[in-house]
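Asker: Residue numbers (UniProt numbering): 1 to 295.
The C-beta atom is built at its ideal place from N, Cα and C for all residues, glycine as well.
In this text, all values refer to a predicted model and were calculated from it rather than measured experimentally.
Encoded structure:
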């Protein structure tokens, strides 16, 4: 009884209908192939919970998706030419991932997905055509989805975080790596439930004051903010008692880690690689001994 099929990354240009008639099939990956369209027979795969495929060439996503009522995770690769209304009838959909969709924004209908917890949109700037995201509009639409906990807008040439980020009140993970963000708005620190914040590989000039407001933050990634070299002094003026992972590697910056890092009392992973650090405080050893890990 086959429950999972992974055919991703091949040269398949046609799929047999019988594949979609497998009664126990729950996970199907057919992305990164040579298919020009998704077979209409996909409508028969009614037990599917996870599906990954390439967007049809110069056609909207297939309306047959509406038959996959048990679908929880949907991954779509390549340029998207339209979203069918049937997609937004999938009331069990929890996770959507769009890779290189080359779209400016998303339809208002996204707000009608009651269980949507995770949304990923990565423009992937290796493509020839570049489309600038209307981040503010995307946030406005997603703010109407009360269940959203994770947002990933990496690799999308974003230059600024809109102040309206505060509208995503239930957000626990925010991933904005590999963009062109240079400053952090104070509104970012109003996301009180944030556990994971990934700002790696941006152009952040300075860590602002305000991180102490993120009392539940467990993972903070600031690595590879080296152009210009990020100023990190303010980071260690805060008491981030729940922070477990801190990555400031490859920032190529001069910094003296102060003894106040002892306030990061839950720290388990600390990456300082590729910087211009000349001295480490004893506080790091004390944290390491207390939490039972090695530096």
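Candidates 30, 115, 266: which alpha carbon is nearest residue 149's?
Answerer: Counting from one through the chain shown, the residue named residue 149 turns up at place 149. Here the closest residue by C-alpha is 115.
Asker: Only counting the same chain, and skipping five residues up and downstream in sequence, which positions put a Cβ closer than 8 Å to that of residue 256?
Answerer: Here residue 256 refers to the residue found at position 256 of the chain shown. Excluding residues up to 5 positions away in sequence, 277, 278, 279 lie with their Cβ nearer than 8 Å to the Cβ of residue 256 in the same chain.
Asker: Which runs of the beta strand (DSSP E) fall wholly inside the stretch 232-279 and span at least 3 residues, in chain order?
Answerer: 245-247, 269-271
Asker: Using C-beta distances below 7 Å, list every residue in its chain close to residue 262, excluding the 5 sequence neighbours before and after it, in chain order.
Answerer: If you number the chain shown from 1, residue 262 lands on position 262. Once the five neighbours on either side are set aside, the close Cβ partners of residue 262 are 283, 286, 287.
Asker: Report the CB separation of residue 74 from residue 102 in whole angstroms; it is logged as a contact under 8 Å.
Answerer: In the chain shown, the residue the question calls residue 74 occupies position 74. In the chain shown, the residue the question calls residue 102 occupies position 102. Rounded, the Cβ-Cβ distance is 17 Å, inconsistent with contact.
Asker: Is there contact between the stretch 230-246 and the stretch 179-186, where contact requires at least three CB pairs shorter than 8 Å?
Answerer: no
Asker: By DSSP, does residue 167 sit in helix, in strand, or in coil?
Answerer: To locate residue 167, count along the chain shown from 1; it is residue 167. Helix, per DSSP.
Asker: Buried or exposed for residue 179, please, with buried defined as at least 16 other CB atoms from any protein chain shown within 10 angstroms of its CB.
Answerer: Working through the chain shown from its first residue, we reach residue 179 at position 179. It is buried - the Cβ of residue 179 has at least 16 other Cβ atoms within 10 Å.
Asker: Mind checking residue 4: buried by the 16 CB within 10 Å criterion, or exposed?
Answerer: Here residue 4 is taken as the residue at index 4 of the chain shown, counted from 1. Residue 4 should be labelled exposed.
Asker: Taking the CB atoms as reference points, tell me whether residue 105 and residue 152 lie closer together than 9 Å.
Answerer: Translated into positions along the chain shown, residue 105 becomes position 105. Translated into positions along the chain shown, residue 152 becomes position 152. No, the Cβ-Cβ distance between residue 105 and residue 152 is not below 9 Å.
Asker: Taking the beta carbon of residue 295 as the centre, do at least 16 other beta carbons fall within 10 Å, making it buried, or is it exposed?
Answerer: As a working mapping, residue 295 is identified with position 295 in the chain shown. In this prediction, residue 295 has a pLDDT of 49, which is less than 50 and means its spatial position is unreliable; what the coordinates show is noted afterwards. Answer is exposed; the Cβ neighbour count stays below 16.
Asker: Can you look up residue 282 in the DSSP assignment and give me helix, strand or coil?
Answerer: Your numbering for residue 282 matches position 282 in the chain shown. Here residue 282 sits in helix by DSSP.
Asker: Just grab the DSSP bridge partners of residue 96 for me.
Answerer: In the chain shown, counting from the first residue as 1, residue 96 sits at position 96. BP columns for residue 96 point to 74, 119.
Asker: Can you list, in chain order, the residues of its chain whose CB lies under 6 Å from that of residue 175, leaving out five sequence neighbours each side?
Answerer: Translated into positions along the chain shown, residue 175 becomes position 175. 152, 154, 198, listed in sequence order.
Asker: Around the C-beta of residue 207, are 16 or more other C-beta atoms found within 10 angstroms, so that it is buried, or is it exposed?
Answerer: Against the chain shown, residue 207 aligns to sequence position 207. Under this definition residue 207 is a buried residue.
Asker: Determine which residues share a DSSP beta bridge with residue 29 and list them.
Answerer: Counting from one through the chain shown, the residue named residue 29 turns up at place 29. Looking at the DSSP output, residue 29 bridges to 6, 52.
Asker: Let me check understanding here. Comparing Cα to Cα, which of 264, 220, 227, 189 lies closest to residue 248?
Answerer: Translated into the one-based positions of the chain shown, residue 248 becomes position 248. Checked all of 264, 220, 227, 189; the closest Cα to residue 248 is 220.
Asker: Report the partner residues of residue 152 according to the DSSP bridge assignment.
Answerer: Working through the chain shown from its first residue, we reach residue 152 at position 152. 120, 175, per the DSSP bridge assignment.
Asker: Name the two residues that bound the continuous beta strand (DSSP E) containing residue 133.
Answerer: On the chain shown, residue 133 is found 133 positions in, with the first residue counted as 1. Careful: residue 133 lies outside any beta strand (DSSP E) and carries neither H nor E.
Asker: Does DSSP put residue 91 in a helix, in a strand, or in coil?
Answerer: Translated into the one-based positions of the chain shown, residue 91 becomes position 91. Residue 91 falls in the coil class under three-state DSSP.
Asker: Per DSSP, what kind of secondary structure is residue 63 in: helix, strand or coil?
Answerer: Here residue 63 refers to the residue found at position 63 when the chain shown is read from its first residue. The answer is helix: DSSP assigns residue 63 an H, G or I state.
Asker: From the DSSP secondary-structure annotation, give me the bridge partner or partners of residue 194.
Answerer: By one-based count along the chain shown, residue 194 stands at place 194. For residue 194, DSSP assigns no beta-bridge partner whatsoever.
Asker: Whole-angstrom Cβ separation of residue 16 and residue 37, contact assumed at under 8 Å?
Answerer: Residue 16 sits at position 16 when you count from the first residue of the chain shown. Residue 37 sits at position 37 when you count from the first residue of the chain shown. Actually they are not in contact, since the Cβ atoms of residue 16 and residue 37 sit about 15 Å apart, beyond 8 Å.
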